[in-house]
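Undergrad:
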Amino acid sequence: MQVKHLLLIAILALTAACSSKEVVDENLSEAELYQQAQTDLDNNSYTSATAKLKALESRYPFGRYADQAQLELIYANYKNSEPEAAKSAAERFIRLHPQHPNVDYAYYLKGLTSFDQDVGLLARFLPLDMTKRDPGAARDSYNEFAQLTSRYPNSRYAPDAKQRMIYLRNLLAAYEIHVADYYLTRQAYVAAANRGRYVVENFQETPSVGDGLAVMTEAYQRLHLDELAATSLETLKLNYPNHPSLQDGQFVPSVAESDNRSFLSKATLGLIESRPPLPPGETRANQDVQKQFQDAKDAIPNELKPKDENGDVIEEEHEATGNNDDRSWFSYMTFGVFD
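Under mature numbering (1 follows the signal peptide of the UniProt record, and there is no 0), the letters of the sequence shown match residues -20 to -1, 1 to 319, in that order.
#1: Within 8 Å, do at least three Cβ pairs link the region 72 to 89 to the region 137 to 147?
#2: Where do the ends of the alpha helix (DSSP H) carrying ASP120 lie?
#3: Using the Cβ count rule (16 or more neighbours within 10 Å means buried), how would you classify ARG175?
#4: Smallest Cα separation from GLN79: which of ASP47, ALA66, SER188?
#5: Which of the three DSSP states, helix, strand or coil, is assigned to LEU203?
#6: Tell me which residues share the same chain as ARG72 and place their Cβ nearer than 8 Å to its Cβ, disregarding the 5 neighbours each side in the sequence.
#7: Assuming contact is defined by CB atoms lying nearer than 8 Å, are LYS34 and ASP20 in contact in what I supplied?
#8: Would you call the region 177 to 190 in contact with the region 152 to 160, where contact means no fewer than 3 C-beta pairs closer than 8 Å?
#9: Quick one: what does DSSP say LYS285 is sitting in, helix, strand or coil?
#10: Taking Cβ to Cβ, would you say LEU92 is nearer than 8 Å to ARG119?
#11: Buried or exposed, going by whether 16 or more other CB atoms sit within 10 Å of the CB of VAL195?
#12: Could you tell me which residues DSSP puts in a beta bridge with LEU226?
#13: Quick check: the Cα distance between ALA276 and LYS287, rounded to an integer number of angstroms?
#14: Quick one: grab the DSSP three-state call for GLY291.
#15: Below 8 Å between beta carbons: does that hold for TYR26 and LYS59?
#16: Once you ignore the five residues that flank GLN97 on each side, which residues in its own chain have a CB closer than 7 Å to its CB?
#17: Hey, how far is the Cα of ALA56 from the Cα of ALA17?
#18: How about THR197 and LEU216: are their beta carbons less than 8 Å apart?
#19: Please name the residue, chosen from GLN184, GLU214, ILE54, that lies closest to GLU37 on a Cα-to-Cα basis.
#20: Does the beta-carbon distance from VAL235 to SER225 come in below 8 Å?
#21: Give the C-beta separation of SER212 and TYR200 to the nearest angstrom, bearing in mind that I take them to be a contact with Cβ-Cβ under 8 Å.
#22: Using the Cα positions of ASN134 and SER61, report the straight-line distance between them to the nearest angstrom.
#23: Do TYR122 and LEU148 have their CB atoms nearer than 8 Å?
#24: When the Cα atoms are used, what is the spatial distance from ARG44 to ILE146?
#25: Please name the residue in ALA29, LEU208, ASP22 whose C-alpha comes closest to that of LEU13.
#26: Looking at ARG131 and PHE95, is the spacing between their C-beta atoms short of 8 Å?
#27: Roughly how far, in whole angstroms, is the beta-carbon of LEU203 from the beta-carbon of TYR162, given that I think they are within contact range, below 8 Å?
#28: Tell me whether ASN150 sits in a helix, a strand or coil according to DSSP, three-state version.
#29: Whole angstroms is fine: what's the gap from ARG166's alpha carbon to HIS77's?
#30: Following the continuous alpha helix (DSSP H) through ALA168, name the residue where it begins and the one where it ends.
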């Protein structure tokens, strides 16, 4: 049924978009235009109301209803699901009427438009986790509500804006934790630790602070930064003793130790290893250089290789005498750069 509902809404939206060009009678007076626009707003005919409010503003820019038409145009665009037009109208009203007694309403609608911008048709019918979506609109909404509460703390809209800011702050903090968890799964432990610390430092009093401390603890343990890991863990135990990452007082990582074997090795249960593990201090690039040098050396014809007095090819000795007994032929060729 949900798919049918979505299709029906899409068809209605397309039909409304195709019929949105309404012709406003040019003989209407200012009062008549405003009255008809009010009637359309009361009847939820926001497209028709928008057309009349725009006509009112353009035909009577200095009339008695001009300022009110600009203000109600913000509301009409917002209710008509046109967020960009609503925010543009709000910014225009704030710029033209910074001292208007109802300018706080423009700030409030601007923040409310960003607040509802991510809640589209899919979010209404499907159980989407808003903390995993792009937080751009949520961050804009938080900043816009913050402007309202700081400039007009006694506004009638300030209490609602503050409640929405609490929700948005929690949402933004949860988003940072999702990103940090992704970095943990990708073994980007430095980035994960930085995200966790950012939550702890900038989103105090949100439910995600405990998660941020857990991320920091796990990332520092993976990086073998024992002192930082111990400090984060102690803070976690002290402030969030019931956190899910703590079991019987012991920290349990959320991500298991990563298996760095190749897909072929995992598929064959280790019977076929694509490349052996690297020894300590060795790199793949170093091994590739050695292999290329050895291949070039093996390609030299025997007649070009040095021979002894009996005409036999002299095999190169890999161990030297003296003070450099441990140096290889590769070390000599590279003047010790790759020792």
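Cβ coordinates follow ideal geometry from the N, Cα and C atoms, glycine included.
TA: With the structure as the only source:
#1: yes
#2: 116 to 131
#3: buried
#4: ASP47
#5: coil
#6: GLN50
#7: no
#8: yes
#9: coil
#10: no
#11: buried
#12: PHE231
#13: 19 Å
#14: coil
#15: yes
#16: PRO63, ALA117
#17: 10 Å
#18: yes
#19: ILE54
#20: no
#21: 6 Å
#22: 29 Å
#23: yes
#24: 39 Å
#25: ALA29
#26: no
#27: At roughly 17 Å, the Cβ-Cβ gap does not stay under 8 Å, so LEU203 and TYR162 are not in contact.
#28: helix
#29: 51 Å
#30: Counting along the chain, ALA168 falls outside any alpha helix (DSSP H), and DSSP gives it neither H nor E.
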